[in-house]
């Protein structure tokens, strides 16, 4: 009986030893010949937006076009508040101080802009190496990613400049309004400034995204989004 069990164990060992290379060969063949579809935002392909209906027959393309109108209204809202804050009553000395602060901030923004341009050069090198060399994307896709990374940086930079300008208006106007002894202007003016900056930021970001969804070919929407996200 022991001899039988020993021979059976030896047989199983020989079968396992012979089957192991075949198993590895099978796994290697599956990995070599299987070519799964690449994923990621850069390979995103948008569906036909006009083929889907919402709200009693409005197709997706028209609905997003309406969204562009809301973005334009948002930009207008931010600019109206900007104009109102600028035209509020303010003491001359307070206005001069706020302008001095703005000039200091403007110098910082210019310096920061130069730094961002230098940083973008390094980002561009990484984008080219990753998407162009490693993933072997065609030149058009790589250029689109680079272009929309600039768009993303420029949008954020412009909103930051706008926000600093609005805040310098609000600071001096709030300080002057506090001399009247009434609490409402003290929180209403900074709140208006915050709404102006927030609405401008949201409207700019959404406007760029809607432009990509509506006017960029579906095959290139993914590279546009990933470039915009990088920026």
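Numbering (my numbering), first residue to last: -18 to 212.
From the three backbone atoms N, C-alpha and C, an ideal C-beta is built for every residue, glycine too.
Bear in mind that the values here come from a model prediction, so they are computed numbers and not experimental data.
- Burial is judged here by how many other beta carbons sit within 10 angstroms of a residue's own beta carbon; residue 123 has at least 16 and is buried.
- For residue 28, there is no enclosing alpha helix (DSSP H), since its DSSP letter is neither H nor E.
- The Cβ atoms of residue 137 and residue 108 lie no closer than 8 Å to each other.
- Counting the other CB atoms within 10 Å of its CB gives residue 169 a total below 16, which places it among the exposed residues.
- Pairing residue 52 with residue 125 gives a Cβ-Cβ distance that is not under 8 Å.
- Per DSSP, the beta bridge partners of residue 40 are 34.
- As the crow flies, the alpha-carbon of residue 146 is around 11 Å from that of residue 85.
- Take the alpha-carbon of residue 173 and the one of residue 196: they are about 33 Å apart.
- Distance between residue 37 and residue 29, taken at the CA atoms: about 18 Å.
- For residue 203, the number of other beta carbons within 10 angstroms of its own is at least 16, and it is reported as buried.
- Taking all protein chains shown into account, residue 98 has fewer than 16 neighbouring C-beta atoms within 10 Å of its C-beta and is therefore exposed.
- Boundaries of the alpha helix (DSSP H) harbouring residue 133: 120 to 159, taken from the DSSP string.
- The Cβ neighbour count for residue 148, taken over all protein chains shown within 10 Å, is at least 16; the residue is labelled buried.
- Relative to the Cα of residue 66, the nearest Cα in the group 120, 175, 186, 111 belongs to 175.
- Around the C-beta of residue 50, fewer than 16 other C-beta atoms lie within 10 Å, and the residue is accordingly described as exposed.
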